[in-house]
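The opening position of the sequence shown corresponds to residue 22 in our numbering, with each subsequent residue numbered one higher. The beta-carbon is built from N, C-alpha and C at its ideal position, and this holds for glycine as well. These numbers come from a predicted model, not from an experiment.
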Amino acid sequence: MKLKTISTILLVVIFLYSCANDKTKKQEEPVKAEPTEFNFNVEQFADIKILRYQIPGWEKLSLQQQKLVYYLTQAGLSGRDIMWDQNYKHNLKIRKALESVYAKYNGNKTSEDWKAFETYLKRVWFSNGIHHHYSNDKLKPAFSSDYLNQLLTDTETTLDGDAFNVIFNDEDSKKVNQAKGVDNVALSAVNFYGEGVTNLDVESFYKAKQSPDPEKPLSFGLNSQLVKEGGELKERVYKSGGLYGSAIDEIIKWLELAKGVAENEAQGNALGLLIDYYKTGDLQTWDDYNVAWTKATEGDIDYINGFVEVYNDPLGYRGSYETIVQINDFDMSQKMAVLSENAQWFEDNSTLMDEHKKKNVVGVTYKVVTVAGEAGDASPSTPIGVNLPNANWIRKAVGSKSVSLGNITNAYNNAASSGRLKEFVHDEEEHQLEENYGQLADKLHTALHEVIGHASGQLNPGVGETKETLRNYASTLEEGRADLVGLYYLYDSKIQELGLVDDWKSIGKAAYDGYIRNGLMTQLIRLNLGDDVEEAHMRNRQWVSAWAFEKGKADNVIEKVTRDGKTYFNINDYDKLHDLFGQLLRETQRIKSEGDYAAVEALVEGYGVKVDQAIHAEVLERNKQFPSPPYSGFVNPVLVPETNEVGEVTGIKVTQPETFSGQMLDYSKRYNFLPLVN
């Protein structure tokens, strides 16, 4: 599960999660960061800002460790095109044609049409396809089909048929359609399902499947595409020799090199199981790998690699390809390890019903890490926190790994600020709380969300996996549940008792202010006026905030204030808001534990989908004064092997890409392992 950042603009108060994919989130505005000469900013276009991140401590790694990181990043990038094809069936054909035009065109590059073409291509690169990375809406080009046809002719590039037409027509308008009362599979453009496959087909197909051990249910559908052939449903499995096999073979090649320089036996064994999984596509091997990977906690280097997060599947079965290569940040990890060491205390003292509490929270490890490379669904738009594996039975029996991406958060905080925070805070007291305590509150919320939140609670005996019981609402409920765990304990003296903060009440107040401000107002800058909230993390922030606002009305817990024609939300009683968060946490866990679909539908549809149009219009108008875009993402550092006269690697040098387009073109050239099949 993955916590995604909302944007560098919006404030980092709401870390979302990596459990499944939004790619996590909140940022209104980075709070004071240490000055640095490193240039974190690359460029901005449309609604996107491109940043760089550093790899501090790289020179302290041994040559063996540097090789391990290099091999793991190469393995990750080798599967990059898988994500593009998963996102939409015509993505690769479109991207390759647009890149051909971009590289070959020698005509007028000062015209508005060419500038619009460049912007469109950059947006496509950023989203790993023609649908917006966050809203899931199809990107709209600001140039005509005639202009693109002329560019194709001028550069002797071919793009025709549906792949050309879909850029300009209304077909496949939504990558992931989570609307109520529709056939979500049929109306989603994501390439997880073949033509003619429906919600009922998917649910019936997997209902008929039985795991060898019902207590350890396999993740059916995670690594396959479900299609109809001759009217019969059939899975096309991602594996060597199967779907995406040519790219997977490259992944395997680099993973085998990584296994050869593993830091220890446990790490090497886990890599071996991952290789076996890619070779066979066997889901039991996937579970065996996840158990081994979760237990492999020693060493400085770790990684995420596989078909992991299920946010892009409207029904939550299929995993998007993603990789993150990580180096342990020892100082921060040691400080924050106190959370995992006290995980049982947090579980015992939560507001959950006794039958929903875990009696023995096991194996929760938490680390702050330095990212060395990302690919697939984690790049260019990256999470800031991740908790894996996602299987509930592994979390309960073995544990999980939680990480916060420290250098990514640092890059966000060092990027230029926009002043947006001051526009939306209710008063100077709220502004000062954010300035003084916001960054630490954000880090703690991420840690509590990932370490305690996702590890907390258990399903009732006999209740199926949440993707089966809660279906299209499973991801947003899980994200909200983990957010609520973090919110509840951020306003608790225990975090000061553990030595994590010096003033727990100020930390809690800053966190509550930021969450409510974002959930009810500032995240709306990401939507077009009139749109419903559809993305899982945005939904969860809204339904948590809107529920608390409504339930606290009688006591004026959160007050809606209008001043000089502007709306603000002011928290009058933090103690009562803390209690409300506890009540909602109890209910969300009950819904998950019991598999109560009617209750989750009422919660999400009642509080998380519809937007107050007057407030939305006002937020958009107030936001016009700020030029900084609402979304941010990253180019990756480039790892360059250095060799001696006999070709032996003597070191790995870290360099930084100069431009976003340069890195994207380089990736397309070097990691082009999937043939065009459409």
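| query | Do you know how far the Cα of F59 is from the Cα of V52? | reply | On the sequence shown, position 31 is the one that residue 52 refers to. On the sequence shown, position 38 is the one that residue 59 refers to. Confidence in V52 is poor, its pLDDT being 41 and thus under 50, which makes the residue's placement unreliable; the coordinate value appears in the next sentence. So the alpha carbons of these two residues sit roughly 18 Å apart.
| request: Classify N170 as buried or exposed, calling it buried when 16 or more other Cβ atoms lie within 10 Å of its own Cβ. | output: Counting from one through the sequence shown, the residue named residue 170 turns up at place 149. Under a 10 Å Cβ-count criterion, N170 is classified as exposed, with fewer than 16 other Cβ atoms of the shown protein chains found around its own Cβ.
| query | On the premise that I592 lies in contact with D534, defined as a C-beta separation below 8 Å, what is that separation, rounded to the nearest angstrom? | reply | Here residue 534 refers to the residue found at position 513 when the sequence shown is read from its first residue. Here residue 592 refers to the residue found at position 571 when the sequence shown is read from its first residue. Going by Cβ atoms, the distance from D534 to I592 rounds to 6 Å, so yes, they are a contact pair.
| task | Hey, could you find the ends of the alpha helix (DSSP H) Q75 is sitting in? | result | Taking the sequence shown and counting its residues from 1, one reaches residue 75 at position 54. From DSSP, Q75 is part of no alpha helix (DSSP H); its letter is neither H nor E.
| task | Over the uninterrupted beta strand (DSSP E) stretch that includes K674, give me the two end residues. | result | Counted from its first residue, the sequence shown places residue 674 at position 653. Note, K674: beta strand (DSSP E), V670 to T676.
| said: I'd like to check one pair, D504 with H475: are the Cβ atoms closer than 8 Å? | reply: For the purposes of this step, residue 475 is identified with residue 454 of the sequence shown, where counting begins at 1. For the purposes of this step, residue 504 is identified with residue 483 of the sequence shown, where counting begins at 1. Cβ distance not < 8 Å, so H475 and D504 don't count as in contact.
| said: Buried or exposed, going by whether 16 or more other CB atoms sit within 10 Å of the CB of P651? | reply: Here residue 651 is taken as the residue at index 630 of the sequence shown, counted from 1. It is buried - the Cβ of P651 has at least 16 other Cβ atoms within 10 Å.
| field | Straight-line Cα distance separating E120 from L686 | value | The residue labelled residue 686 in the question sits at position 665 within the sequence shown. The residue labelled residue 120 in the question sits at position 99 within the sequence shown. Each residue's Cα considered, the two are about 7 Å apart.
| task | Taking the CB atoms as reference points, tell me whether G397 and T344 lie closer together than 8 Å. | result | In the sequence shown, counting from the first residue as 1, residue 397 sits at position 376. In the sequence shown, counting from the first residue as 1, residue 344 sits at position 323. Yes, Cβ-Cβ distance for G397 and T344 is below 8 Å.
| task | Tell me whether the beta-carbon of R73 lies closer than 8 Å to the beta-carbon of V621. | result | As a working note, residue 73 is residue 52 in the sequence shown. As a working note, residue 621 is residue 600 in the sequence shown. Not closer than 8 Å, so no.
| field | A124 versus V145: straight-line alpha-carbon distance, rounded | value | As a working mapping, residue 124 is identified with position 103 in the sequence shown. As a working mapping, residue 145 is identified with position 124 in the sequence shown. Taking the straight line joining both Cα atoms gives about 16 Å.
| query | Taking all protein chains shown into account, do 16 or more other C-beta atoms lie within 10 angstroms of the C-beta of L84, making it buried, or fewer, making it exposed? | reply | By 1-based counting over the sequence shown, the position of residue 84 is 63. With fewer than 16 Cβ atoms within 10 Å of its Cβ, L84 is classed as exposed.
| Beta-carbon proximity list for V187, same chain, < 7 Å, skipping 5 on both sides | Reading the sequence shown from its first residue, position 166 is the one you call residue 187. The answer, listed in chain order, is H111 and D193.
| message | With three or more beta-carbon pairs closer than 8 Å as the criterion, would you say the region 367 to 378 touches the region 272 to 281? | response | no
| DSSP beta-bridge partners for T583? | As a working note, residue 583 is residue 562 in the sequence shown. Residue pairing for T583: DSSP places it in a beta bridge opposite T588.
| field | Residue environment, R691, which counts as buried when at least 16 other CB atoms sit within 10 Å | value | Position 670 of the sequence shown, counted from the start, is the residue given in the question as residue 691. With fewer than 16 other Cβ atoms within 10 Å, it is exposed.
| Are there three or more Cβ pairs, one per stretch, closer than 8 Å when the region 282 to 293 is compared with the region 254 to 265? | no
| So what does N326 bridge to, in DSSP terms? | Residue numbering aside, residue 326 sits at position 305 when the sequence shown is read from its first letter. Answer by DSSP bridge pairing, in chain order: T344.
| Helix, strand or coil for G406 per DSSP? | If you number the sequence shown from 1, residue 406 lands on position 385. Strand at G406.
| field | Any non-hydrogen atom of the ligand NAD within 7 Å of G440 CB | value | For the structure depicted, the ligand NAD is absent and the ligand set is empty, with no information on it obtainable.
| query | To the nearest whole angstrom, what separates the beta carbons of Y509 and T391, a pair I think is in contact under 8 Å? | reply | In the sequence shown, the residue the question calls residue 509 occupies position 488. In the sequence shown, the residue the question calls residue 391 occupies position 370. Actually they do not touch by this definition, with Cβ atoms about 30 Å apart.
| query | Thinking C-beta only, is N493 closer than 8 Å to N205? | reply | Here the question's residue 205 lines up with position 184 in the sequence shown. Here the question's residue 493 lines up with position 472 in the sequence shown. The answer is yes: Cβ separation under 8 Å.
| message | I'd like to confirm the pairing. Which residues does DSSP put opposite I69 in its beta bridges? | response | Walking along the sequence shown from the start, residue 69 turns up at place 48. DSSP output for I69 lists F66 and Y652 as bridge partner(s).
| Host alpha helix (DSSP H) of R502 (start-end) | Taking the sequence shown and counting its residues from 1, the one referred to as residue 502 is at position 481. Note, R502: alpha helix (DSSP H), A495 to L511.
| Is the beta carbon of I636 sitting closer than 8 Å to the one on Y91? | Here residue 636 corresponds to residue number 615 of the sequence shown, with the count starting at 1. Here residue 91 corresponds to residue number 70 of the sequence shown, with the count starting at 1. Not closer than 8 Å, so no.
| message | Judging by CA-CA distance, which residue of L172, I151 and K249 is the nearest neighbour of K130? | response | Walking along the sequence shown from the start, residue 130 turns up at place 109. Comparing Cα-Cα distances from K130 to each of L172, I151 and K249, the minimum goes to L172.
| request: Give the DSSP-derived three-state secondary structure of D158 in the structure shown. | output: Position 137 of the sequence shown, counted from the start, is the residue given in the question as residue 158. Strand at D158.
| said: On the criterion of 16 or more Cβ atoms from any shown chain inside 10 Å, does A575 qualify as buried, or is it exposed? | reply: Locating residue 575 in the sequence shown gives position 554, counting from the first residue. Per the 10 Å Cβ criterion, exposed.
| request: Would you mind giving the Cβ-Cβ distance between H452 and K443, rounded to the nearest angstrom? I have them listed as a contact below 8 Å. | output: Position 431 of the sequence shown holds residue 452. Position 422 of the sequence shown holds residue 443. At roughly 6 Å, the Cβ-Cβ gap stays under 8 Å, so H452 and K443 are in contact.
| Best match in N431, A67 and G340 for proximity to N212 [C-alpha to C-alpha] | Counting from one through the sequence shown, the residue named residue 212 turns up at place 191. Minimum Cα-Cα distance from N212 among the listed residues N431, A67 and G340 corresponds to G340.
| said: When you compare the CB positions of G384 and S425, do they come within less than 8 Å of one another, or not? | reply: If you number the sequence shown from 1, residue 384 lands on position 363. If you number the sequence shown from 1, residue 425 lands on position 404. Going by C-beta atoms, G384 is not nearer than 8 Å to S425.
| query | From L697, V419, Y332 and D350, pick the residue whose C-alpha is nearest to that of G320; which is it? | reply | For this step, residue 320 is matched to residue 299 along the sequence shown. Checking every option, the nearest Cα to that of G320 belongs to D350.
| What's the gap between the Cα of G242 and the Cα of V329? | For this step, residue 242 is matched to residue 221 along the sequence shown. For this step, residue 329 is matched to residue 308 along the sequence shown. Rounded to the nearest angstrom, the gap between the Cα atoms of G242 and V329 is 11 Å.
| Under 8 Å, do G394 and V346 count as touching if we go by C-beta distance? | Numbered from 1 along the sequence shown, position 373 holds the residue referred to as residue 394. Numbered from 1 along the sequence shown, position 325 holds the residue referred to as residue 346. Yes, they are a contact pair.
| task | Under 8 Å by Cβ, that's how I've got I269 and G100 pegged, so tell me the actual separation to the nearest angstrom. | result | Looking up residue 269 in the sequence shown gives position 248. Looking up residue 100 in the sequence shown gives position 79. Beta-carbon to beta-carbon, I269 and G100 are separated by about 7 Å, close enough to satisfy the 8 Å threshold.
| task | For E679, count neighbouring Cβ atoms within 10 angstroms of its own Cβ and tell me buried if that reaches 16, exposed if not. | result | Counting from 1 along the sequence shown, the entry for residue 679 is found at position 658. So E679 ends up on the exposed side.
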